[in-house]
Amino acid sequence: MIYRPLAIAVMTLVTSAGSALSAEPDFSRFMASPSGAAGLSAAIGSLGPCATTPQWSLGFDPDLDKENPDHVYVGCQYDPGGEEAGELYDKGVLAKFVNYGGVLYLESLTQLP
1125 MIYRPLAIAV MTLVTSAGSA LSAEPDFSRF MASPSGAAGL SAAIGSLGPC
1175 ATTPQWSLGF DPDLDKENPD HVYVGCQYDP GGEEAGELYD KGVLAKFVNY
1225 GGVLYLESLT QLP
């Protein structure tokens, strides 16, 4: 299948990154379908270059007032270079998925400073 190499690459990143932020997502749910794997790939790809290992966690859902198992946050720190070279800044991406018939589909990506 076409998504298999992509899924392997995402899982390599996922398993090498421990979560220091909060509960870790259930990656097996996302990797069970091409759309879920592609959504995780889009999230890490949207993050861009990092100076630290990306950290994964569940995303907070204000409508539920708790972490949502269908929302994934990935974040890291980066060095902007230039006059601010050597200083690390936080950045992240919130990927919101929707569950249709047991299959997760990416609904939105939000870049967070």
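Numbering (this note's numbering), first residue to last: 1125 to 1237. Cβ atoms here follow ideal geometry from the backbone N, Cα and C, with glycine treated the same way. Just so it is clear, the structure is predicted and the values come from calculations on it, not from any experiment.
Under 8 angstroms between C-beta atoms of residue i and residue j
{"i": "residue 1201", "j": "residue 1217", "result": "no"}
{"i": "residue 1159", "j": "residue 1229", "result": "yes"}
{"i": "residue 1220", "j": "residue 1183", "result": "yes"}
{"i": "residue 1222", "j": "residue 1187", "result": "no"}
{"i": "residue 1203", "j": "residue 1175", "result": "yes"}
Boundaries (first-last residue) of the beta strand (DSSP E) holding residue i
{"i": "residue 1236", "result": "1227-1236"}
{"i": "residue 1172", "result": "Unbroken run through residue 1172: none, as it is neither H nor E."}
{"i": "residue 1181", "result": "1179-1185"}
{"i": "residue 1203", "result": "Here residue 1203 belongs to no beta strand (DSSP E), and DSSP marks it neither H nor E."}
Closest by C-alpha distance to residue i, when choosing among the options
{"i": "residue 1205", "options": "1153, 1154, 1173 and 1151", "result": "1173"}
{"i": "residue 1167", "options": "1176, 1199, 1210 and 1188", "result": "1199"}
{"i": "residue 1227", "options": "1175, 1149 and 1154", "result": "1154"}
Neighbour-count burial assignment, residue i, 16 or more Cβ in a 10 Å radius
{"i": "residue 1147", "result": "exposed"}
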